[in-house]
Amino acid sequence: MRYVMNDYELIYLIHSEQDDHARTFMFKKYHKFIWKHVHLLEIESKEQDDFHQEGMLMLNKAIQSFDPSRNKSFTRYFELILKRQLYKMKNALPGYRLYETTDFCTGVSYIEEEVELPNFTSNLEAEIHDLYFLKRHSISKISRDTGYSKKQIYNTIFRIKEKYKIVI
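In the working numbering, the protein residues as written are -7 to 160.
Structure representation (structure tokens):
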């Protein structure tokens, strides 16, 4: 007759005896469980191995931190840790996709239009337009260099933006 150990017995062996055979058995046992959760996330195939490896690390962490006195099964305890880590990793992935080739823009033609500048009614508007919009100076720097107050500069920028809205 063959005796199969349950998770509690395996964890006891790992904690008290540092039994590598029990640890290896746990890794083999939960290997497919981790893959199942990785595939449920529907991530790109190139990321799946990293997620699986992280799942194996989480299994080791769960084995080390599991406390059977809390009346929770090891499988549910590990599943909770695993899901939290995998979702955290998925949310940390960049939201954009990198393409192997850049030929998706072939055949595209661009039409360049000249933007008509609005008519500036004062030298102040022309000067602020040049310094703020074209040369990208900060409002503090413009105020120091020209001697205009920040309020004057803000009001002028607002008037210039309104003129652009009319032109566009």
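Beta carbons are placed, not taken as given, at the ideal position from N, Cα and C, and that holds for glycine.
Do you know how far the Cα of K80 is from the Cα of S132?
-> Whole-angstrom Cα-Cα distance: 41 Å.
Self-check item: Inter-stretch contact at 8 Å, needing at least 3 Cβ pairs: the stretch 55 to 73 / the stretch -3 to 8
Solution: Judged by Cβ distances under 8 Å, the stretch 55 to 73 makes contact with the stretch -3 to 8, as three or more pairs qualify.
Worksheet entry | Close Cβ partners of T148 (< 7 Å) along its chain, the five nearest in sequence each way excluded | L116, E117 and I120, listed in sequence order.
**Prompt:** Straight-line CA distance for D137 to P86?
**Reply:** About 41 Å.
Alpha carbons only, please: which of Y124, K38, Y22 and E39 is nearest the one belonging to L49? Ranked by how close their Cα comes to the Cα of L49, the residues Y124, K38, Y22 and E39 have Y22 in first place.
To the nearest whole angstrom, what separates the beta carbons of I55 and M18, a pair I think is in contact under 8 Å? For a cut-off of 8 Å, the C-beta gap from I55 to M18 is around 6 Å, short enough to register as a contact.
_Going by DSSP in three states, G139 sits in which element: helix, strand or coil?_
Looking at G139 - three-state DSSP - the assignment turns out to be coil, as it is neither helix nor strand.
Straight-line gap, T94 to S114 (C-alpha atoms, nearest Å): The predicted position of T94 is uncertain, since its pLDDT is 48 and thus under 50; a value taken from the coordinates is nonetheless stated next. For T94 and S114, the gap between their C-alpha atoms comes out near 47 Å.
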